[in-house]
Each structure stands twice: as C-alpha cells, then as structure tokens.
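Numbering (mature numbering (1 follows the signal peptide of the UniProt record, and there is no 0)), first residue to last: -26 to -1, 1 to 348.
Note that CB positions come from ideal geometry on N, CA and C, so glycine has one too.
Heads up, the thing below is written out as structure tokens.
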C-alpha cells in the first residue's frame, strides 16, 4: 500500500505525484553535522528559533547536507532549475524544476521535487527588468525579490499602488509578479559596528570577514561604510574598493594586521569560518553585531532588491535575524559557512525585524579576494 503526495506551487498543480510505500516508522538516529557548531551558536539558535538543543543539532546537520545537495542539483538540472528551499523544520530540501523527468535525480539527493512553470533564470530575468526601471518608479518601493517558494517575484512597497507602478514601469509580465503593501522601511546601519569594530573618522562600522589578496591581509564590509581611499583605524587600513548603492560591499586592505578565520559569537566566543557555501532558503543563519550582539534567524529569500533612501541595492539576501543601527558590515554565518555582510534592514531586536546581507562570494569574486578559513 502507498500514499501519494502532490503539491501546488504558484498556482500550478504538479504533473507528477510521488508514491511512497507505507511502512512502520523506524527509529533512525538523529543526523550529525560533520562540523559541529560551537556552543554559542547552538545557544543563540535555541533562543531565537525556540528550539531545543537536540533540534538545533539536527537542524544544522540537515542544513549542511541540503546546501551540498542544492549545489549539486543546481548544476545537474541546468536550465530547468527553479530554485530550492528548506521546509519549516529543515527536514526536507524542496527543489523546483520545470522538467517532470528530473524527479528521480532530485530524489536521489534526498530532496523533494516540485514542478513549477518558471525556471530560476526566468525569475532572475524579471528581477533584472525591475532593477533597470526608472529611478522615479523605484523610489516609492521598499524591496523586490525572487520568491522561489511561490515561483514568482515579489514587489513590496508602502502601498499596493506604488508596487504596481514599479511593475508597470519595468515592463515585466504582471503574471510573473506578486505585489503587496509592507511596513518595512529598510535603512543602512552605518553609525555602529558589528562583529569587530573599525573606524572611519568619527564613524564606526564592523568587520565582515577576514580576507587576503595575495599576501595582503584585510577584510570585507559594507560599501556604505566608506569609499575607495577612505582610511580606517582599529585596524588601520584603506578602502581598496567600494560599491554603494547598486551593491553594498567593500574591501579594506589592512597590512601589518593578522587576518584570522574567526567571527565574534555569543558572549565573546569565537566561531571559526570553514568556507562560504551559500545556505538554502529556510536555513538558519546568525549575525554578529556590536549593538545587538549575536542574533539568529532564518534565510527568507535570496536575490532581493532593496530601495534605501540612498538608492537601490540588488542581489541581497533577506533574513529574519534582527539588527539595529550600528550593526552595519558585520558577519552573517550559517553553521560554519560565511554568508555575507550586514547591509541594512527594518524593525529592531525588541519587536522583531528583517535584515539584509550582501552575499560574501560576490565580494570575493569582484575583488579577487581569498576568504580566511580555519
């Protein structure tokens, strides 16, 4: 005897149902991560996600495997790949595809196939048109992003009318986009630091991750913290490159300093960075900031575009990890994998908020940097 599971995504009923034989539940051992998280991260995830220690350990192990599976399937599925995300408890990686014949390959990686109308490339093309819309139409919008769970692009603004105006001005097919009113008013966190502090004149920001370029040590941070040529203290360095708005990243050369593979965790503990594999939508993530300390949440979307007062920034990752002014440039890390540097957000850590980070792999690629890992 078997049960069948079907799904409905973006208004599209799956063309296939997955048949699964029914059998007595087995007492499988809880999955274990190959790189256990430090106790400070486990404690913070327990606090911010409302989980037990055992649930955190299991979740992190599942997320580690999901990231590897997503990376492999992205390459294997090629043009039919529609994105991926974890379910609510991170027990299953959902992988979208436009090809019904891809189901066996997806299941072979322990993931759940979801048939959709649009590829991730299709959705990213919509984002490119929205990003290219005239400034006067983007000014009233708060953010727009690829929502892989609904297989659409979401546009949000203070009013639905403002969101509709951006969609109309961009010339994208209205059926590919959902619009909504939002209370979010993203803003940058330039005045204070996260992770470890550094100073630009009288302003403070935070170190994202230690890097090297050739034999020169330095660090990556938010672009809105300083322009190329700006001098820093504690550590002493110089901004070699900076991009904001459009992007929100920068790198600072800091010769004479020791680049370490660490991020400040809860209570001053150190979290070792092992790599920079992008975590899946739905995965847990933690952020280090001098104002609010070590805070954790979930990855909500990749490839979000945010309209700040200073201009539009594209390609950000949206998370439920809270932040407040002063947390700019700090580290976002999932498990032991570097994810990005704090760009901005809305809300706060008292009532809850949304925070955006600039993915670290883009920064490394643009400037030819090597992430310092341990």
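Element boundaries [beta strand (DSSP E), containing residue i]
{"i": "residue 277", "result": "267 to 282"}
{"i": "residue 121", "result": "117 to 121"}
{"i": "residue 252", "result": "That residue, residue 252, is in no beta strand (DSSP E); it is neither H nor E in DSSP."}
{"i": "residue 212", "result": "211 to 217"}
{"i": "residue 238", "result": "236 to 238"}
{"i": "residue 92", "result": "Segment: none, residue 92 is in no beta strand (DSSP E) and carries neither H nor E."}
{"i": "residue 150", "result": "Counting along the chain, residue 150 falls outside any beta strand (DSSP E), and DSSP gives it neither H nor E."}
{"i": "residue 258", "result": "258 to 263"}
{"i": "residue 129", "result": "126 to 131"}
{"i": "residue 305", "result": "305 to 308"}
Per-residue DSSP class, three states only, for residue i
{"i": "residue 25", "result": "coil"}
{"i": "residue 187", "result": "strand"}
{"i": "residue 97", "result": "helix"}
{"i": "residue 343", "result": "coil"}
{"i": "residue 228", "result": "coil"}
{"i": "residue 292", "result": "strand"}
{"i": "residue 353", "result": "Here the chain comprises residues numbered -26 to 348, so residue 353 is not present and cannot be evaluated."}
{"i": "residue 102", "result": "helix"}
{"i": "residue 205", "result": "strand"}
{"i": "residue 169", "result": "coil"}
{"i": "residue 72", "result": "coil"}
{"i": "residue 197", "result": "helix"}
{"i": "residue 11", "result": "coil"}
{"i": "residue 53", "result": "helix"}
{"i": "residue 245", "result": "strand"}
{"i": "residue 325", "result": "coil"}
C-alpha distance - residue i paired with residue j, whole-angstrom precision
{"i": "residue 66", "j": "residue 202", "result": "43 Å"}
{"i": "residue 173", "j": "residue 216", "result": "16 Å"}
{"i": "residue 232", "j": "residue 171", "result": "15 Å"}
{"i": "residue 160", "j": "residue 316", "result": "12 Å"}
{"i": "residue 118", "j": "residue 184", "result": "30 Å"}
{"i": "residue 264", "j": "residue 61", "result": "31 Å"}
{"i": "residue 330", "j": "residue 270", "result": "13 Å"}
{"i": "residue 349", "j": "residue 90", "result": "Nothing can be reported for residue 349: it is not among the residues displayed for the chain, which extend from -26 to 348."}
{"i": "residue 45", "j": "residue 248", "result": "17 Å"}
{"i": "residue 280", "j": "residue 302", "result": "15 Å"}
{"i": "residue 53", "j": "residue 325", "result": "41 Å"}
{"i": "residue 348", "j": "residue 158", "result": "37 Å"}
{"i": "residue 209", "j": "residue 228", "result": "7 Å"}
{"i": "residue 31", "j": "residue 129", "result": "35 Å"}
{"i": "residue 151", "j": "residue 176", "result": "43 Å"}
{"i": "residue 349", "j": "residue 20", "result": "Summary: the structure shown does not reach residue 349, with the chain confined to residues -26 through 348, and so no result is reported for it."}
{"i": "residue 305", "j": "residue 109", "result": "30 Å"}
{"i": "residue 144", "j": "residue 222", "result": "23 Å"}
{"i": "residue 313", "j": "residue 59", "result": "16 Å"}
Endpoints, alpha helix (DSSP H) assigned at residue i
{"i": "residue 78", "result": "77 to 82"}
{"i": "residue 322", "result": "No alpha helix (DSSP H) holds residue 322; the beta strand (DSSP E) holding it covers 311 to 322."}
{"i": "residue 141", "result": "134 to 144"}
{"i": "residue 112", "result": "109 to 112"}
Cβ-Cβ separation, residue j to residue i (assumed contact under 8 Å), whole Å
{"i": "residue 88", "j": "residue 101", "result": "Between residue 101 and residue 88 the Cβ distance is about 20 Å, and since that is not below 8 Å, they are no contact."}
{"i": "residue 309", "j": "residue 85", "result": "Contact doesn't hold; Cβ gap of about 18 Å is too wide."}
{"i": "residue 39", "j": "residue 258", "result": "Not really, about 14 Å apart at Cβ, beyond 8 Å."}
{"i": "residue 196", "j": "residue 122", "result": "Not a contact, Cβ separation roughly 25 Å."}
{"i": "residue 156", "j": "residue 131", "result": "7 Å"}
{"i": "residue 250", "j": "residue 311", "result": "6 Å"}
{"i": "residue 153", "j": "residue 181", "result": "So it is not a contact: roughly 38 Å between Cβ atoms."}
{"i": "residue 187", "j": "residue 343", "result": "5 Å"}
{"i": "residue 288", "j": "residue 105", "result": "5 Å"}
{"i": "residue 36", "j": "residue 18", "result": "In fact, because the Cβ distance is near 18 Å, the residues do not count as touching under 8 Å."}
{"i": "residue 381", "j": "residue 200", "result": "In the structure displayed, the chain extends from -26 to 348; residue 381 sits before or after that span and is not available."}
{"i": "residue 278", "j": "residue 291", "result": "7 Å"}
{"i": "residue 211", "j": "residue 226", "result": "4 Å"}
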